[in-house]
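Quick note on numbering: full-length UniProt numbering labels position 70 of the sequence shown as 70, and the sequence is numbered without any gaps. Quick reminder that beta carbons are idealized off the backbone N, C-alpha and C, glycines included. Data first, discussion second: the structure below is written as structure tokens.
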Amino acid sequence: MSLLPLPSRTLRILPKPQLLSPLRPITRTHTRPITSKASATPQLDAISLHRLEATQRAHHKRRTIYSASGFLAGMVCIWVTATSIDLPPTSKLDSSRSSTSLSSSSTVTILPPSSNPTAEQEELIPTGTSTIQHFPKNIAFSSSPTTPQEPYQLLGLGIRTVSFLHIQVYVLGIYISPSSIPTLQTSLLQLAAPNGASTLVAHEKDALKAMLLDPSRSEEIWSAILQNPEIKSLVRIVPTRNTDFHHLRDAWVRSLTARAQKNREEFGDEKFGKAKGEFKAMFNRGSVPKGRELLLSRDESGKLGVWYEDGEKGSQRLGEVGDERISRGI
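Have a look at this one:
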């Protein structure tokens, strides 16, 4: 038995299979720079610089004006508040001498009575202001040095104020001659009781008071009463602060102008305009210090006379206006 040779076997190495990589999603990456490049500063020309400088200058100027205006307004408010407050009247203080100095051996001096008894008996009416505290109830007045003085009795008084702060300007008192009081009473009785009654009952007095306190009605009433030539009146004005004639005059001129515009038939003629010009000319003067007396008189014919006390020469006559409509309007 023969042995056959075994066939040889050749081992071949197969090529290594290529591994396929797994599919990956395609993603886009956004890169952001850590630092961005600074934008270049634009160049400013001369015109832009000039405009910027002008704007800043105007801004500072406005701030300065506002600050100054606020400062001035504050100072004015402080001044108005300080001057408009009425101070309380002064009170009588005790003597500085002790009671031990007033022994029984001390000399006691008794003064004689005053040589002018009318000064002691003069009755004063409080005005309601601390600057001019009292007005005399009775005053004596004469329109000329040759005529004797005639007494006048206080009819009413009030305080003239201006602006919303009620700044007091002057105290005004209306006086009437005692000889004119019966005529005034008769006129008021005819107004309140047209049936010819000699006295008024309670409700008639209240009705008359309401009419006199009504601004428009009282103007008509006093205008009708003052047309009576028998009523002689006197207006006494004393300023509570320093003022001037122009300030006092302007208020009356405005009142006369308003009256003329309201009733052109009675006050619209040339004669009234001329009389108003004469009245304005009398007050074409300087200042009126606090406490000086100004008198406006109205005689039987309605003629208006003006007197002023300057503190040196006494009461001086400034002039007169013959048209009775001027005195009636004032």
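Would you decide whether residue i is buried or exposed? Buried here means 16 or more other CB atoms lie within 10 Å of its CB.
i    : result
L165 : exposed
K290 : exposed
W79  : exposed
G319 : exposed
F71  : exposed
G173 : buried
A224 : exposed
L52  : exposed
K271 : exposed
R217 : exposed
K313 : exposed
P168 : Per the sequence presented here, residue 168 reads as Gln, with Pro not at that position. Q168 should be labelled buried.
A46  : exposed
A192 : buried
A258 : exposed
A54  : exposed
T64  : exposed
Y152 : buried
P126 : exposed
V306 : buried
L226 : buried
V201 : exposed
V76  : exposed
P239 : buried
K262 : exposed
G329 : buried
Y66  : exposed
S99  : Only weak support is given to the placement of S99: the predicted model assigns it a pLDDT of 48, under 50, and the question is left unresolved by the model.
G277 : exposed
G302 : buried
L49  : exposed
Would you identify the three-state DSSP class for residue i, choosing helix, strand or coil?
i    : result
D244 : strand
V235 : strand
I110 : Only weak support exists for where I110 lies, its pLDDT of 49 falling under 50; the value from the coordinates is given anyway. Correct three-state label for I110: coil.
P117 : Any reading at P117 must be qualified, since the residue scores a pLDDT of 46, below 50, and its modelled position is unreliable; the value itself is stated next. If DSSP states are grouped into helix, strand and coil, P117 belongs with the helices.
S315 : strand
E300 : coil
I330 : coil
Quickly, what does DSSP pair residue i with across the bridge? List them, please.
i    : result
Y175 : L154, L234
G305 : S297, E320
T161 : Q168
A210 : Partner(s): none; A210 has no beta bridge.
A140 : P151
Assuming residue i is part of the beta strand (DSSP E), what are its boundary residues?
i    : result
Q190 : Per DSSP, Q190 belongs to no beta strand (DSSP E); it is in the alpha helix (DSSP H), 181-192.
I125 : 124-126
What are the start and end residues of the alpha helix (DSSP H) that includes residue i?
i    : result
S84  : 46-84
P136 : Not the alpha helix (DSSP H): P136 falls in the beta strand (DSSP E), residues 134-136.
S218 : 215-225
Output the residue ranges of the alpha helix (DSSP H) runs that lie fully inside the segment 250-294 and measure 4 residues or longer, sorted by chain position.
DSSP assignment within the segment 250-294 yields the following whole alpha helix (DSSP H) runs of 4 residues or more, N-terminal first: 264-267, 270-282.
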